[in-house]
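Below: one structure, written as structure tokens.
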Amino acid sequence: MIANALPLVLAGPLVAAAVLMVTRRPLWARRAVLVGTLGATLAYGVTLVAATYGGTVLVADIGLWPGGIAIPFVADMFSALLVAATALLTLVCVVFGIVAGEDQQHYFAPFVLALYGGVAGALLTGDLFNLFVCVEVMLLPSYVLISMFGGENRLRAGRIYITYNLLASAVFLFGVAFVYGVVGTVNLAELAGAAKESTAVAVAIGVVLVALAMKSGVVPVHGWLPRTYPETSPTVAAIFSGLHTKVGIYAIYRVYSLVFDGDQRFLGFAVLFMCVTMAFGALSAVGEDTIRSVLAFNMISGIGYILLGVALFGPLGLAAGIFYLLHHMVVKTSLFLSAGAVEVRYGTQRLDQLGGLARKEPLLAFAFVGAALSLIGMPPFSGFAGKFALLQATVAEHAYLAAFVVLAASLLTLLSMNRVWNSVFWGPVRREPVDATRDAVDAPADDDATGTAHTNNGAVGTVARRRTHAKAASPLTHVSPALVAPAVVLTLVSLGIGLGAEGLLTLTQQAAAGLLDTSSYVEAVMRE
Amino acid sequence: MSAAILAGVLVAGGVYLILQRGLIRMALGLILLGHAANVVLLASGGLYRREASVIEQIAAVRAAADPLPQAFVLTAIVITFGVTVYLVALAGSGSGDDTEEST
């Protein structure tokens, strides 16, 4: 029963997206469909995790063709965990989008749902070509979202994003063609172990892996990521940060473990590439000027951490990598949402224009600092458990260079997050909220406390004067709690994962076991 | 062999165009690259190397064309076409900031 519903995770959001595309009113009904669909998917994802506990593999063959001919949807612990996590993140981001008013734009809701449908399909498919199609289903709405919402540079960002992804898709398609030409099938279960035996298959799958690395943002093919994520709207950037590169990473884990079956020959190169990615991302983040571009470069660094898991392979490495993947998705989305809340209310994300938010927005400061500490890897947040597990794996595999880079890049991450914290949350108040309508006061202000705001320019000063006058009676914070709540929830999730790391590690160890020994996956798909 | 040469020529042209500065030229280059991928996909078919799974009764099945790559190509063409049209539309909107060099 649970297995038969697997294709619905792809179909459900797509149908809901189609419905939302043609209905205009009422707004509350559209919101109910949007949140309801994602909530149902989240519930189903949690059910999947429970159903795959202990190594069960669920398979749904489309059209009731026998195993091996049908295009299967497969769920094991790894995909179940990611379906649940991506559904949670999309739900939280959509709530943020609703509070920030972005869903009043007609196309927001349907495209987010279609995007999620593609993500879920890519996570559950057991077929290489279907993976290509699902990734495209995920990307097509993203093209529209990225160039429709956001700042003045959004069209430029959209062009870079589309051109780059079209190129990556072409490479992916070449890879699929080579695989089909060499083996005669693109069913991942039938391809299991093929690259270990034949060099031709290894080259063909190598092309696919390069395409997936392009989509994941691995250095040196990362340039699109920091040029696009800071330019689009806060909600869209948060959704992308939680979903997009992560699907590529999931596919790398899945394809490498199935088709190469843990082949040791190329892992040395992979470790080297991931070390460069970690160091490069963390180093670049230090020099950036806006909150989201710092986060985007830290994300590249994080991608290095996650893929170090598959580069080390082995039970420790894979479990640590999957744990880090889940942690990173939650924390990064939380940080993007905090940055988004600042941007929605203060109208800028430039570090040199913001300041003193720690006193004015205590809740937001908590959400940000919690997630930032987690990203750096401080206990008791989830980042500590993730990095500790990763370090254990590097030492177990005698990859001491990687262990050093893991620690050094963490220090650099500390430096860049510290810079954001210092200039945005500490120091003098440099900017007042741009939205003065919420509790604007008509009375002319006799101010004496807004000297810093005056130094910016006259317009801001006027707003600031009205604000300070109102502040005497209104609460301390300017960002509405509903706008901060999504980021706080995710920071608390990170704290929860950190405190209960043992529980999630058990699950990721099961996921890693499923990747190490692919026989149960293959048997479940190929059954007669 | 002819497919290999054709794909090679298409890739060469596509890569050359993608390295140009104008967005329309890049879009044309991506189209060529997509066509090259489609040619490779078509060339990758062949029923001789795998067992006919469903229609083994038909005697001439060995000589028949492999239907799977054709389905792949059809899907890929639709996707590439849609994305390229959107890219061209983006190139048109706000084309003033397109960094085309006169040389």
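Residue numbers (this note's numbering), protein chains in the order written: chain A, 1 to 528; chain B, 529 to 631. Quick reminder that beta carbons are idealized off the backbone N, C-alpha and C, glycines included.
When DSSP labels each residue in this structure, what does Val57/A get in the three-state scheme? In this structure, DSSP gives Val57/A a state outside helix and strand, which the three-state scheme calls coil.
For a contact meaning CB atoms closer than 7 Å, what does Ile607/B contact in chain A? Glu136
Is the Cβ of Tyr544/B closer than 7 Å to any Cβ of chain A? Taking Cβ atoms only, chain A never reaches closer than 7 Å to Tyr544/B, which makes this a no.
Taking the runs of the beta strand (DSSP E) that are 3 residues or longer, which of them lie wholly in the segment 36-80 of chain A? Entirely contained in the segment 36-80 of chain A, the beta strand (DSSP E) runs reaching 3 residues are, in chain order, 58-61 and 72-75.
So that I know if they touch, is there some Cβ in chain B lying closer than 7 Å to that of Val525/A? no
DSSP puts Thr290/A in a beta bridge; with which residues? Arg350/A
Taking Cβ positions, are Leu166/A and Val543/B nearer each other than 7 Å? no
Do you know offhand how far Met278/A's Cα is from Tyr250/A's? Straight through space, the alpha carbons of Tyr250/A and Met278/A are spaced by roughly 18 Å.
Counting along the chain, where does the alpha helix (DSSP H) carrying Asn566/B start and finish? Element bounds for Asn566/B: Leu551 to Ala571.
Report yes or no: do three or more beta-carbon pairs, one from the segment 558-571 of chain B and one from the segment 599-606 of chain B, lie closer than 8 Å? With a cut-off of 8 Å, the segment 599-606 of chain B and the segment 558-571 of chain B count as touching, because enough Cβ pairs lie within range.
Tell me which same chain residues have a C-beta within less than 7 Å of the C-beta of Val493/A, skipping the five on either side of it? Val330
Would you please verify whether the beta carbon of Phe129/A is less than 7 Å from any beta carbon of chain B? yes
Can you give me the C-alpha to C-alpha distance between Gly356/A and Trp426/A, rounded to a whole angstrom? Rounded to whole angstroms, Gly356/A to Trp426/A spans 4 Å at the Cα level.
On the DSSP letters alone, give me the boundaries of the alpha helix (DSSP H) that Ser374/A sits inside. Pro362 to Ile376 is the span of the alpha helix (DSSP H), which, as asked, contains Ser374/A.
Comparing the C-beta of Val568/B with each C-beta of chain A, is any distance below 7 Å? yes
Anything in chain A within Cβ reach of Pro597/B, meaning under 8 Å, just list it in chain order. Ala177 and Tyr180
Run through chain B and tell me which residues come within less than 7 Å of Tyr107/A, C-beta to C-beta. None at all; the shortest Cβ gap to chain B is about 13 Å.
Could you please give the first and the last residue of the uninterrupted alpha helix (DSSP H) stretch that includes Tyr250/A? Pro234 to Val255
State buried or exposed for Thr199/A, treating a residue as buried only when at least 16 other CB atoms are found within 10 Å of its CB. exposed
Select from the segment 328-355 of chain A all residues with a C-beta closer than 7 Å to any C-beta belonging to chain B, and list them in chain order. none
Member of Leu545/B, Leu561/B, Leu551/B and Pro595/B whose CA lies at the smallest distance from the CA of Phe172/A: Leu561/B
What residues from chain A crowd round Gly610/B, counting only those whose CB sits closer than 8 Å? Neighbours of Gly610/B on chain A, chain order: Leu140.
Given a cut-off of 7 Å on the beta-carbon distance, is the pair Leu212/A and Val259/A in contact? By the CB criterion at 7 Å, Leu212/A and Val259/A fall outside the cutoff.
Does the beta-carbon of Ser621/B have 16 or more other beta-carbons within 10 angstroms, so that it is buried, or is it exposed? With fewer than 16 Cβ atoms within 10 Å of its Cβ, Ser621/B is classed as exposed.
At a Cβ cut of 9 Å, what residues of the segment 152-163 of chain A count as close to chain B, listed as they run along the chain? Answer in chain order: Leu155, Arg156, Gly158, Arg159, Ile162 and Thr163.
Quick one: Cα of Leu415/A to Cα of Val286/A, how far? Their backbone Cα atoms lie some 7 Å apart in a straight line.
Mind checking if Ser530/B is an interface residue toward chain A, Cβ cutoff 7 Å exclusive? no
From the DSSP output, in three-state form, read off Asn187/A for me. strand
Beta-carbon within less than 6 Å of Leu373/A's beta-carbon, same chain only, minus the 5 sequence neighbours each way: which residues are those? Phe381
Excluding five sequence neighbours on each side, which residues of the same chain lie with their C-beta closer than 6 Å to the C-beta of Leu534/B? Val567
Which word fits Phe78/A, buried or exposed, when buried means at least 16 other C-beta atoms lie within 10 angstroms of its C-beta? buried
Asp103/A by DSSP, collapsed to three states: which one? helix
Quick one: grab the DSSP three-state call for Ser474/A. For Ser474/A, the predicted model reports a pLDDT of 41, less than 50, meaning its position is unreliable and no value from the coordinates is stated.
Just to confirm, are Ile537/A and Ile62/A a CB contact at a threshold of 7 Å? Shown here, chain A extends from 1 to 528; a query on residue 537/A therefore has no answer.
In this structure, does DSSP put Thr612/B in helix, strand or coil? Correct three-state label for Thr612/B: helix.
Residue ranges of each alpha helix (DSSP H) within the segment 135-191 of chain A, 4 or longer: Complete alpha helix (DSSP H) runs here, min 4: 154-183.
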